[in-house]
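**Q**
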Amino acid sequence: MPALKPPKQSIGSQTLWTGTASIGFGWGYFHGTVDDIQPHHHHAVQIVLGLTALKVWLEPAGWRDCQAVVIGANLAHQLVGTGQMLKVVYLDPESHLTRQITRRLRDGWLELNPTEADGLWQQLEPTNHLNLAQTVAEHVCSHPPHYSEAPRSDARIEQMLRDLPRLLTNPITVGQLASRVHLSPSRLQHRFVHHTGMPLRPYVRWLRLSTALTAIAGKASLTEAATTAGFADAAHFSRTFKRHFGFTPWVLWPNQASMWVQVLLAGAVIDFGLYVMHRYSHVQPFLWRLHMLHHSPQRMYWINGGRRHPVSALILAGPALAVLMILGATPIAVAAWLAILSIHLSFQHANLDYSLGPLRYVFCVAENHRWHHKREFEDAQVNFGEVWAIWDRLFSSYHDAKSAPRAGEVGLRDTRVPPTYLGQLAWPFMRSARGSNANDAPRA
Ligand SMILES: [Zn+2]
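The sequence shown lines up with residues 318 to 761 when you count with the numbering used here.
(1) Can you give me the Cβ contacts of GLY635 inside the same chain, cut-off strictly under 7 Å, excluding the 5 residues immediately before and after it?
(2) Could you check which residue in PHE589, TYR618, ARG625 has the C-alpha nearest to that of LEU604?
(3) For VAL600, count the other beta carbons within 10 Å of its own beta carbon; 16 or more makes it buried, fewer makes it exposed. Which is it?
(4) Mapping DSSP to helix, strand and coil, what is TRP523?
(5) On the DSSP bridge list, what partners appear for SER339?
(6) Using only the alpha-carbon positions, how far apart do ASN700 and HIS608 sit?
(7) Which whole runs of the alpha helix (DSSP H) in the stretch 546 to 623 are 4 residues long or more, in chain order?
(8) Using the Cβ count rule (16 or more neighbours within 10 Å means buried), how would you classify LYS719?
(9) Spatial neighbours of ASP424 within its chain, please: C-beta separation below 6 Å, excluding the five flanking residues on both sides.
(10) Can you tell me which of the three DSSP states HIS357 falls into?
(11) Restricting to runs no shorter than 4 residues, where is the alpha helix (DSSP H) found entirely within the stretch 388 to 463?
(12) Taking the Cβ atom as the reference point for each residue, do PHE664 and GLY622 lie within a distance shorter than 9 Å?
(13) Please report the distance separating the alpha-carbon of HIS358 from that of GLU442.
(14) Can you tell which of LEU478, ILE632, GLY728 has its C-alpha closest to the C-alpha of SER613?
(15) With C-beta atoms as the reference, is VAL362 less than 9 Å away from VAL405?
(16) Taking 8 Å as the limit between beta carbons, can you name the residues of its chain near ALA370, skipping five residues before and five after?
(17) Looking at PRO357 and ligand 1, is the gap between the Cβ and the nearest heavy atom below 8 Å?
(18) Smallest Cα separation from VAL682: which of ARG421, ARG596, GLU695, LEU662?
(19) ALA630: beta carbon under 8 Å from a heavy atom of ligand 1?
(20) Report the CB separation of LEU408 from GLY343 in whole angstroms; it is logged as a contact under 8 Å.
(21) Just verifying my parser: in three-state terms, what is the DSSP assignment at ARG687?
(22) Are three or more beta carbon pairs between the stretch 528 to 542 and the stretch 550 to 563 nearer than 8 Å?
(23) Consult DSSP for GLN506 and reduce its assignment to one of helix, strand or coil.
(24) Among ILE587, TYR738, HIS611, whose alpha-carbon lies nearest the alpha-carbon of ALA639?
(25) Closer than 8 Å to a non-hydrogen atom of ligand 1 - does that hold for the CB of ALA697?
(26) So does HIS612 have its beta carbon nearer than 8 Å to some heavy atom of ligand 1?
(27) If you measure from the CB of PHE558, is any heavy atom of ligand 1 nearer than 8 Å?
(28) Put VAL704 into one of helix, strand or coil per three-state DSSP.
(29) Quick check on this structure: which residue in ALA532, PHE347, PRO602, VAL387 has the alpha carbon closest to the alpha carbon of HIS456?
(30) Going by C-alpha distance, which of GLU433, ARG596, ALA721, PRO627 is nearest LYS691?
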């Protein structure tokens with residue numbers, strides 16, 4: 318076994334594929350070159366073919382130099398890109414023909430000799446699942462099975478195949494599909510396998526993937542494509558795609574960058590989102606009533622950093638977190654920034670007489686954030702930033718002066734915010750709250 322060892326982590330989410338790809342019901346096909354792929358595994362059975370030897374890592378076997386390899390479902394593997402042209406076939410493991418191929422695997426994989434590999438390379442054409450799986454089976458199985466297409470006489474299944482693309486734009490159950498063609502769910506599934514060679518559920522999954530990729534090819538966004546194909550959201554589509562093919566269909570987030578870079582990037586998105594929503598919370602009357610609870614303490618105190626109405630916290634952070642979700646940000650990077658932020662907020666609101674010197678132009682710390690808590694509402698419309706002062710400086714809301722507000726100069730000028738926790742939770746929603754903060758009401 319060669320000395321080369323695969324990296325420990327199992328990411329495999331960002332890979333540069335250059336070539337042509339096709340997808341159909343129960344199959345995927347790629348012809349081109351790929352970068353190195355991190356170790357990963359997926360649901361589809363994969364056949365990788367080269368014109369010369371490839372370097373492939375397989376979980377039970379270690380590194381192998383082979384021209385063609387069949388990799389079973391859910392088997393961890395890794396491919397080292399050498400710049401050479403490859404043909405990669407993905408087959409749904411639940412179809413009749415793929416099951417026959419899987420029976421030939423030992424320890425979940427099978428290496429083809431160069432003659433078999435050359436023969437298979439010549440014959441592979443991305444046409445349909447039956448054709449691709451049959452071609453692979455002929456080179457893999459000593460007695461190749463033959464799954465002949467079912468006679469096209471099942472009118473109800475034919476009708477269903479015609480209707481399915483339209484029906485899949487919404488969630489639909491097997492029971493609902495069965496009742497459309499007046500069959501019981503089990504009868505429908507039996508007749509579907511007989512007619513198509515694939516069980517109904519995997520067929521529907523591949524149909525959704527195919528529909529979404531067709532939409533992306535037509536310049537739809539990831540979210541639009543996911544919705545068109547009946548996925549709950551872009552993340553659901555990405556997960557399903559990655560589960561089948563081992564990489565994400567669309568990479569908007571630098572998953573392979575170092576974790577510090579990712580944490581800072583997540584931080585930039587969160588910080589900007591918080592700045593915008595915080596500033597908006599000072600001009601929109603209802604948002605201000607939610608947010609003014611945070612401004613109500615009469616002195617700076619470290620725990621005030623977390624003293625917020627939960628709805629206000631949701632409104633402040635929600636947009637940035639939604640953007641990060643759509644971008645496919647690594648959850649740990651987002652969580653790391655939120656941890657840093659919560660500690661920072663304590664220092665930002667602490668009653669500590671410290672100075673960061675010139676760094677106060679870079680960070681939103683206690684010495685400049687005090688201005689934001691000044692009792693006079695007009696004076697407090699500055700320094701909205703959470704961590705980085707860049708947003709305040711960019712959007713002209715940065716304020717600095719030699720003598721910051723002292724004890725007795727922070728809080729709200731006149732308000733009747735209830736003293737109890739439950740009272741404060743309910744207060745922004747009460748009719749009486751609307752007129753109680755006249756002096757502090759934003760001039761929206
Ligand atoms: Zn504020």
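We treat Cβ as the ideally placed atom computed from N, Cα and C, and that holds for glycine.
**A** The short version:
(1) On the sequence shown, residue 635 is found 318 positions in, with the first residue counted as 1. Within the same chain, GLY635 has no close Cβ partners at all.
(2) Counting from 1 along the sequence shown, the entry for residue 604 is found at position 287. LEU604 has its Cα closest to that of ARG625, out of PHE589, TYR618, ARG625.
(3) By 1-based counting over the sequence shown, the position of residue 600 is 283. Result: exposed.
(4) Numbered from its first residue, the sequence shown carries residue 523 at position 206. Helix.
(5) Counting from one through the sequence shown, the residue named residue 339 turns up at place 22. Partner(s): TYR346.
(6) The residue labelled residue 700 in the question sits at position 383 within the sequence shown. The residue labelled residue 608 in the question sits at position 291 within the sequence shown. Whole-angstrom Cα-Cα distance: 15 Å.
(7) You should have 551 to 562, 576 to 598, 602 to 612.
(8) Here residue 719 refers to the residue found at position 402 of the sequence shown. Residue burial annotation: LYS719 is exposed, with fewer than 16 other C-beta atoms found within 10 angstroms of its C-beta.
(9) The count along the sequence shown starts at 1 and reaches residue 424 at position 107. If we look at ASP424 and ignore the five residues flanking it on each side, its Cβ neighbours are PRO377.
(10) Here residue 357 refers to the residue found at position 40 of the sequence shown. Three-state result, HIS357: strand.
(11) The stretch 388 to 463 contains, as complete alpha helix (DSSP H) runs of 4+ residues, the segments 413 to 420, 431 to 440, 446 to 457 (chain order).
(12) Working through the sequence shown from its first residue, we reach residue 664 at position 347. Working through the sequence shown from its first residue, we reach residue 622 at position 305. The answer is yes: Cβ separation under 9 Å.
(13) On the sequence shown, position 41 is the one that residue 358 refers to. On the sequence shown, position 125 is the one that residue 442 refers to. Straight-line Cα distance between these residues: approximately 24 Å.
(14) Mapped onto the sequence shown, residue 613 falls at position 296. When each option's Cα is compared against that of SER613, the closest is GLY728.
(15) As a working mapping, residue 362 is identified with position 45 in the sequence shown. As a working mapping, residue 405 is identified with position 88 in the sequence shown. Against a cut-off of 9 Å, the Cβ pair of VAL405 and VAL362 comes out as no contact.
(16) In the sequence shown, residue 370 corresponds to position 53, counting from 1. A distance below 8 Å between beta-carbons, with the five flanking residues on each side excluded, links ALA370 to the following residues of its chain, in chain order: ASP382, CYS383, GLN384.
(17) Sequence index remark: in the sequence shown, residue 357 carries index 40 (1-based). One detail in the question is off: residue 357 reads as His in this sequence, not Pro. No - ligand 1 has no heavy atom lying nearer than 8 Å to the Cβ of HIS357.
(18) Looking up residue 682 in the sequence shown gives position 365. When only C-alpha atoms are compared, the closest one is LEU662.
(19) As a working note, residue 630 is residue 313 in the sequence shown. No, the Cβ of ALA630 stays beyond 8 Å of every heavy atom of ligand 1.
(20) Here residue 408 refers to the residue found at position 91 when the sequence shown is read from its first residue. Here residue 343 refers to the residue found at position 26 when the sequence shown is read from its first residue. About 7 Å; that satisfies the 8 Å criterion.
(21) Residue mapping note: residue 687 aligns to position 370 of the sequence shown, counting from 1. ARG687: helix per DSSP, three-state reduction.
(22) Two segments are said to touch when three or more pairs of C-beta atoms, one from each, lie closer than 8 Å; by this definition the stretch 528 to 542 touches the stretch 550 to 563.
(23) As a working note, residue 506 is residue 189 in the sequence shown. The answer is helix: DSSP assigns GLN506 an H, G or I state.
(24) Along the sequence shown, read from residue 1 onward, the residue named residue 639 stands at position 322. Looking at the Cα atoms, ILE587 is the closest of the given residues.
(25) Start at 1 with the first residue of the sequence shown, and residue 697 comes out as number 380. It does: the Cβ of ALA697 is within 8 Å (strictly closer) of some heavy atom of ligand 1.
(26) Against the sequence shown, residue 612 aligns to sequence position 295. Relative to ligand 1, the beta carbon of HIS612 is positioned inside 8 Å of a heavy atom.
(27) As a first step, residue 558 must be located in the sequence shown, where it is residue number 241. Answer for PHE558: no, Cβ out of range of ligand 1.
(28) Residue 704 sits at position 387 when you count from the first residue of the sequence shown. Here DSSP, grouped into helix, strand and coil, assigns VAL704 to coil.
(29) The residue you call residue 456 lines up with position 139 of the sequence shown. Comparing Cα-Cα distances from HIS456 to each of ALA532, PHE347, PRO602, VAL387, the minimum goes to VAL387.
(30) Sequence index remark: in the sequence shown, residue 691 carries index 374 (1-based). The option with the nearest alpha carbon to LYS691 is ALA721.
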